[in-house]
Amino acid sequence: MKIDILDFLGISDQICPMHVVIDAEGKILAAGPTLKKLRPETEWVGSSFFDIFDLSRPRWVQSTADLIKTAGSKLHLNFREAPQTGLKGVLAPLPSGQGAFINMSFGISVLEAVRDYDLTSADFSPTDLTIEMLYLVEAKSAAMEASRQLNLRLQGAKIAAEEQAFTDTLTGLKNRRAMDHILNRLIASGRDFALMHVDLDFFKEVNDTLGHAAGDTVLQHVAKLMVQCTRQNDTVARVGGDEFVLIFEGLVDRIQLSGIARRLISSIEEPIPFGDRSCNISASAGTALSSAFAAVEDGALLLHQADVALYAAKNAGRARHFFYQPGMEGAEAS
């Protein structure tokens, strides 16, 4: 019994929207609606199958007769014209040698096809799992993006929290906790460094006469001066009310350190404006060197030495800078 191809077109369009029907000569008799959407300018009916498609596998196929012999095997093909979307297909011969029915799908190129041709669920068979796969891919992509954004926010929050934990909120300098961390790291590394303890002179008078707002202004101003007087890799920390510690990594030259202290003290002595008033303070400093007398294994010892030198400078008249020397403890006590 001869099959009338037209009897099957309506059903085929619904359940196999990416099919072609060819006759025994390879001429296309019908094409599914999705294929027509992919190539809307193509005259499908009457065109040769091999003029539209390039069959890459099986490689031995050279003619329509060879193509029909592939019945039941997977076909690998793509459009000859750009975009050369990759397709998969399977052929079923029609009875009595009338030709063949070839059903196609996108295979792993479905994502590119949906993007290139703006396909929707209506372009696929209702039983095609492609739509479910696309939903899963989209859901996975959305979940991965949400996870990435969450990780970025968490990382940012962690960095911000760590930064806040190591930062003096008033001046923006490192705080005591940060100084301890950096000091321990330097001692563990064995690198030479200098630690300068700076204390503001007459700061209490500013607070008592002009108020704490003036005191905060002074501290913020002094913090900027200290940053300007130090290198980018140096550490400037506020460790108390009007106490600061400067750590100079890799710098133990006394002449250079004395110059830094001198410039810093001189700049701090400049009047600091506060409204229509001026705040007048000075600073005293004491410096201890990590390798001046013996290898330092305890940051607290170095801090103590710098503190002793600082108070020796204060006792000598303030606005001065001293290096720690053995025996200073006795002079401080006297």
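Just so we're aligned, residue 1 is where the sequence shown starts under UniProt numbering, counting upward by one.
C-beta: ideal position from N, C-alpha, C; glycine also.
Note that the segment 243-261 touches the segment 179-196; at least 3 beta-carbon pairs, one per stretch, sit closer than 8 Å.
Across the set L150, I265, T42 and V236, the C-alpha of I265 shows the shortest separation from the C-alpha of S284. Here the C-alpha atom of T34 lies approximately 15 Å from the C-alpha atom of F101. Taken in chain order, the complete alpha helix (DSSP H) segments of 4 residues or longer contained in the UniProt domain "GGDEF" (191-326) are 203-210, 212-229, 254-268 and 299-315. Burial check for A165: the Cβ neighbour count within 10 Å stays below 16, so the residue is exposed. Residue burial annotation: N103 is buried, with at least 16 other C-beta atoms found within 10 angstroms of its C-beta. A Cβ-Cβ distance of about 4 Å is found for the pair A306 and H197, placing them in contact under the 8 Å criterion. When DSSP states are grouped into helix, strand and coil, N175 belongs to the coil group. A residue is called buried once 16 or more other Cβ atoms fall within 10 Å of its Cβ, and V20 is buried on that count. The Cβ atoms of L257 and T287 lie closer than 8 Å to each other. Nearest to F323 by alpha-carbon distance, out of R262, R277 and A237, is R262. About 17 Å separates the beta carbon of L87 from that of A71, a gap too long to meet the 8 Å contact definition.
Secondary structure note for I108: it is in no beta strand (DSSP E), with a DSSP letter that is neither H nor E.
In this structure, the straight-line span from the alpha carbon of E43 to that of R148 is close to 47 Å. Linking D168 to D201 through their CA atoms gives a straight-line distance of about 21 Å. Shortest Cα-Cα distance from S105 to any of P17, Y117, I11 and A65 involves P17. If you ignore the 5 residues before and after L75, its C-beta comes within less than 6 Å of the C-beta of G89, all in its own chain and listed in chain order. Between the beta-carbon of A188 and that of C279 there is about 40 Å, and that puts the pair past the 8 Å contact cut. Fully contained in the segment 11-50 are the following alpha helix (DSSP H) runs of length 4 or more, in chain order: 33-38. In this structure, L310 sits near D199, with a CB-CB distance shorter than 8 Å. Within the same chain, T85 and F106 come within 6 Å of A113 by CB-CB distance, once the 5 residues on both sides are set aside. The DSSP-derived three-state label of T169 is coil.
The continuous stretches of alpha helix (DSSP H) do not include A92, which lies in the beta strand (DSSP E) extending over residues G86 to P93. In the DSSP assignment, L55 falls within the unbroken beta strand (DSSP E) covering F53 to R57. In this structure, G275 keeps its C-beta atom at 8 Å or more from the C-beta atom of A223.
Assigned with DSSP and collapsed to three states, L119 falls in coil, not helix or strand.
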